[in-house]
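Peer 1:
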Amino acid sequence: MKKLHKSILAKVIIIGLIMYLIFEMILFSLTSFNRQSSINVLYQKSYTVQTQIENIFQSTITISDGYLSYMTSNLDASKEDSETFLDHILSYDDHYVKNIAMIEGTTIIYNYPHEENQSTIGIDLSTIEGQREDILFVKNNLEPLFVGPVDLVQGGKAFILRIPILDGDQYWGQLATVIDADLFIQTIENEVDINNVNMRIFYDDSDTDILLTGDIIEDNSVSTIYSNKYITWNLEVSADSAPSNITTDWIARIASIFVIIIISYFYYRSLLLNKKILHNAKHDSLTGDYNRAKFISDYNDNLFKGMLIAFTDVNKFKILNDTLGHSFGDWCLIQLSGKFNALENVRPYRISGDEFILVSTKPMSLNEFKKLMPSTVFSFYNEELKQEVDIEISLGVLETLIDTINLESILMYLDYAMYDAKKENKGLTIVNKELMDTYDETKIIEQQLIEDVRKNKLIPYYQPIINLETGKLDGFEVLSRWLYNDEIRSAAMFISVIKKVKYVDLLDRNLFDKLQDEYSELILECEQIKDMTFAINLSAETLMIFEKSNKRFDDFVKNRVIPIEKSIFEISEDINLGVISIETLRYIQSKGFAISVDDFGAGVSKLSDVLSGELKTIKTDKSLLPSKKANDKKIAGFYTIIKAIRASGSTICVEGVETVSQLEMSADAGCRLAQGYLFSKPIPKDQVVEYIKNFDYSKYQK
């Protein structure tokens, strides 16, 4: 899972970086777009200011050109004629001309308005500091010149447009059109303020500014050119205050990084969750191995074609779980999984519980597999127990996957082979044609058995129980038998199948009900039947149903015909009596029914349960009854057990009596009842009456 986390994290980081790069590209595009938009706006504002400058010069040039044309056409015009003409062309207010001077050579010969500028007449401008260079430039180069603001000889500051007066190629003098500097500057500044820009006006070949309003921001400005027939200016326009693009960009970057981190986090969590879901869908949560779903998926993808497949589980795993706890059972499975994963060229799948399937990753023979797993017993050291723990497994092995058999059948054959290995205590069973044929036949038999249980076709058989104290027939134990292919089969041959399909409680109910029917028939044939007891088995599954509700027991016995005092329920000792509450047992007894433990000594019942005094009869398993050749220790042990049970007040019925010597030993030990092949095997209903009538205890005595 750590590798899984790292791979997802790496993927998310890469995607996060890609997202950031995309954001940077978008930010760059937006910045470029905004900058271009800003430049376009500045160009528009620059042209607006240029329009105002053009208006100023248009009126000024019109006046200058008009007067120049007049003077060159009327060289002998008098002062009065000039003033009359200038009064006419300067009669409108919308202009910036302060005065116009005629300069002959470099000396002022006329300056309009004459009265205001009379003191300037006769002044040689080449001698005036600040105007000398300009007047000589026009004289020497015969080119117009716009200068200013300069100090006027009559006082004040102005911009001056000097235009050479030529008669052919002969320089005659200059026309100086004086523009009010304050008005000119104020007009430009007003237009600049209206458009919220700063402006710099300068000649291309000069470092000196003609006009500068505010500070020019180099990286947020545009340059244009203004030109008329006399002058050419460079105009540089910038925004009044540059937007804080750097700050804005960094704020956007920080915000984007934050958003990307949030998105990446939730994307990481989403990917991790999806990966976990997919991982858990294919892996076992306890061992980390592939699970049943993955096994089926790999099978459907033809990954097992030609491969060896082994099915295995842990021998007596349920007992291990029940005695040492599920945590210890889980520890065992984890250790076993580690062992399987260490096998070369083998992939383990945990199917369920303690069941594993091992699949070779390349074609493998049975001998090669046996070399990988020479033993089916594994030892692991447990830190909690501070000792080695042996785990034994059983294996069903299919050497090569068969294409003609579906997966369900393969698993069934493997499972059957595994249980064969378990039953025969041989560790491993190979799946071959003989085994498959046997399994197929067994399945047919099992299907018929299940059908017969459903249809209540199983038959009650009766095994006599003898009272050793009176030498009389005490009653019968009622057992299930199955008629298949004209052969009577005992419960030992089919009970495992019934348990597997969970029909044990149905079998118990059917047997009880059928016994009531047959009792009704027997009592009509033989009056002595009324004196007989009838003991019938109650399985663990049926008792657990009674645990849920007492009414379930009442429903179970509702068809009872046999007198209650003659009815005995035998509790099969293949469960721990401690699982069944004492209240349930007492409820059954409160209804008048007797309870006994069947096959004591062969199951898992605790001695304390047996000696509690709650049970009317204890039936000892035949394995406890010594044979004639048994050693003295076993005989002594048998006597001790019988003595302890008798002390609890329970009646003892000894099972498995097959010889007269065993009968005598049972009577001598104090056993009140006896049952076994010495007296009779289980018999059908048709033989019961005859057995009762012909029973003679004396023939079993020496």
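With numbering that gives the first Met the number 0, the residue at position 573 of the sequence shown is 572, and numbering never jumps.
Every residue, glycine too, gets a C-beta built ideally from N, C-alpha and C.
1. Leaving out five residues before and five after GLY15 in sequence, what residues of the same chain have Cβ atoms less than 7 angstroms from its Cβ?
2. Hey, out of PHE303, SER296, LEU357, whose CA is closest to LEU371's CA?
3. What residue range does the alpha helix (DSSP H) around ALA435 cover?
4. Tell me whether the beta-carbon of SER595 lies closer than 7 angstroms to the beta-carbon of LYS615.
5. How long is the line joining the alpha carbons of PHE145 and SER36, rounded to whole angstroms?
6. Taking just the CA atoms, how far does SER626 sit from SER660?
7. Does the Cβ of GLN686 have 16 or more other Cβ atoms within 10 Å, making it buried, or fewer, making it exposed?
8. So what does DSSP say about PHE568, is it helix, strand or coil?
9. Hey, could you find the ends of the alpha helix (DSSP H) ASP554 is sitting in?
10. In this structure, does DSSP put ASN233 in helix, strand or coil?
11. Compare the Cα-Cα distances from TYR518 to each of ARG488, GLY474, LEU210 and report the closest residue.
12. Should TYR380 be labelled buried (16 or more other beta-carbon atoms within 10 Å of its own) or exposed?
13. Compare the Cα-Cα distances from LYS316 to each of ASP297, GLY352, GLU343, ASP504 and report the closest residue.
14. Using C-beta distances below 6 angstroms, list every residue in its chain close to SER607, excluding the 5 sequence neighbours before and after it, in chain order.
15. For VAL430 and ALA491, what's the separation of their Cα atoms in angstroms?
16. Where ILE716 and GLN588 are concerned, what is the direct C-alpha to C-alpha distance, given to the nearest angstrom?
17. What do you get for THR428, buried or exposed, if any count of 16 or more other CB atoms within 10 angstroms of its CB means buried?
18. Where does GLN185 land, buried or exposed, given buried means 16+ other C-beta within 10 angstroms?
19. Around the Cβ of TYR109, are there at least 16 other Cβ atoms within 10 angstroms (buried) or fewer (exposed)?
20. For GLU450 and ILE444, I'd like the C-alpha separation in whole angstroms.
21. Quick one: using the 10 Å Cβ neighbour count with 16 as the cut-off for buried, is LYS361 buried or exposed?
22. Of the choices PHE265, ILE178, PRO683, THR50, whose alpha-carbon is the least far from that of ILE7?
23. Going by C-alpha to C-alpha distance, which of TYR42, GLY669, ASP80 sits closest to LEU467?
24. Quick check: ARG349 and ASP288, are their CB atoms within less than 7 angstroms of each other?
25. Threshold first: 3 residues or longer. Then list the beta strand (DSSP E) segments lying entirely within the segment 109 to 157, N to C.
26. DSSP state of ALA666, grouped into three classes?
27. For TYR46, which of LEU160, GLN527, ILE224, ASP133 has the nearest alpha-carbon?
28. Consult DSSP for PHE355 and reduce its assignment to one of helix, strand or coil.
29. May I ask you to verify whether the segment 119 to 139 touches the segment 208 to 216, counting CB pairs closer than 8 angstroms and requiring at least 3?
30. Entirely within the segment 156 to 233 and at least 3 residues each: give me those beta strand (DSSP E) ranges in chain order.
31. Only counting runs of 4 or more residues, tell me where the alpha helix (DSSP H) segments fall wholly within the segment 251 to 326, in order along the chain.
32. In the DSSP output, what is THR619 paired with across the bridge?
33. Using three-state DSSP, classify LYS370 as helix, strand or coil.
34. Are the beta-carbon atoms of THR50 and ILE178 separated by less than 7 angstroms?
35. With ASP504 as the anchor, note down where its alpha helix (DSSP H) starts and where it stops.
Peer 2: Let me lay it out:
1. Translated into positions along the sequence shown, residue 15 becomes position 16. Answer for GLY15: ILE259, SER263, listed in chain order.
2. Counted from its first residue, the sequence shown places residue 371 at position 372. That would be LEU357, whose Cα lies nearest to the Cα of LEU371.
3. Against the sequence shown, residue 435 aligns to sequence position 436. Before going on, a small fix: residue 435 reads as Met here, not Ala. Counting along the chain, the alpha helix (DSSP H) containing MET435 begins and ends at 432 to 453.
4. Indexing the sequence shown from 1 puts residue 595 at position 596. Indexing the sequence shown from 1 puts residue 615 at position 616. Yes, the Cβ-Cβ distance between SER595 and LYS615 is below 7 angstroms.
5. Walking along the sequence shown from the start, residue 145 turns up at place 146. Walking along the sequence shown from the start, residue 36 turns up at place 37. Rounded to whole angstroms, PHE145 to SER36 spans 34 angstroms at the Cα level.
6. Within the sequence shown, numbered from 1, the residue matching residue 660 stands at position 661. Within the sequence shown, numbered from 1, the residue matching residue 626 stands at position 627. Near 8 angstroms, if we compare the C-alpha coordinates of SER626 and SER660.
7. Locating residue 686 in the sequence shown gives position 687, where the first residue counts as 1. Exposed: under 16 other Cβ atoms inside 10 Å.
8. For the purposes of this step, residue 568 is taken as the residue at position 569 of the sequence shown. In the structure shown, PHE568 sits in a strand (DSSP, three-state: E or B).
9. The sequence position of residue 554 within the sequence shown is 555, counting from 1. First-last of the alpha helix (DSSP H) with ASP554: 549 to 555.
10. Numbered from its first residue, the sequence shown carries residue 233 at position 234. For ASN233, the secondary structure class from DSSP, reduced to helix, strand or coil, is strand.
11. Numbered from its first residue, the sequence shown carries residue 518 at position 519. Considering only alpha carbons, the answer is GLY474.
12. Within the sequence shown, the letter at position 381 stands for residue 380. Exposed: under 16 other Cβ atoms inside 10 Å.
13. Within the sequence shown, numbered from 1, the residue matching residue 316 stands at position 317. Sequence inspection shows Phe at residue 316; the Lys mentioned does not correspond to that position. Taking only the C-alpha atoms, the option nearest PHE316 is GLY352.
14. Along the sequence shown, read from residue 1 onward, the residue named residue 607 stands at position 608. Its pLDDT being 48, under 50, SER607 is placed unreliably by the model, and nothing is read from it.
15. Position 431 of the sequence shown holds residue 430. Position 492 of the sequence shown holds residue 491. Cα to Cα, the separation comes out at about 25 angstroms.
16. With the chain covering 0 to 701 only, the question about residue 716 has no answer from this structure.
17. Translated into the one-based positions of the sequence shown, residue 428 becomes position 429. Buried: at least 16 other Cβ atoms inside 10 Å.
18. Within the sequence shown, the letter at position 186 stands for residue 185. Exposed, by the Cβ-count rule.
19. Here residue 109 is taken as the residue at index 110 of the sequence shown, counted from 1. Its Cβ being crowded by 16 or more others within 10 Å, TYR109 is buried.
20. Position 451 of the sequence shown holds residue 450. Position 445 of the sequence shown holds residue 444. Cα to Cα, the separation comes out at about 10 angstroms.
21. As a first step, residue 361 must be located in the sequence shown, where it is residue number 362. If you draw a 10 Å sphere on the C-beta of LYS361, you find fewer than 16 other C-beta atoms in it, and that means exposed.
22. For the purposes of this step, residue 7 is taken as residue 8 along the sequence shown, with counting starting at 1. With distances taken between Cα atoms, ILE7 lies closest to PHE265.
23. Your numbering for residue 467 matches position 468 in the sequence shown. Considering only alpha carbons, the answer is GLY669.
24. Position 350 of the sequence shown holds residue 349. Position 289 of the sequence shown holds residue 288. Cβ distance < 7 angstroms, so ARG349 and ASP288 count as in contact.
25. Runs of the beta strand (DSSP E) inside the segment 109 to 157: 144 to 150.
26. Here the question's residue 666 lines up with position 667 in the sequence shown. Correct three-state label for ALA666: helix.
27. Position 47 of the sequence shown, counted from the start, is the residue given in the question as residue 46. Measuring from the Cα of TYR46, the nearest candidate turns out to be ILE224.
28. Here residue 355 corresponds to residue number 356 of the sequence shown, with the count starting at 1. Strand, per DSSP.
29. no
30. 156 to 166, 169 to 179, 196 to 201, 208 to 212, 220 to 226
31. 291 to 299, 316 to 323
32. Position 620 of the sequence shown, counted from the first residue, corresponds to residue 619. In the DSSP output, where bridge partners are listed per residue, THR619 has PHE599, VAL653.
33. Residue mapping note: residue 370 aligns to position 371 of the sequence shown, counting from 1. It is helical.
34. Against the sequence shown, residue 50 aligns to sequence position 51. Against the sequence shown, residue 178 aligns to sequence position 179. Against a cut-off of 7 angstroms, the Cβ pair of ILE178 and THR50 comes out as no contact.
35. Within the sequence shown, the letter at position 505 stands for residue 504. Note, ASP504: alpha helix (DSSP H), 503 to 524.
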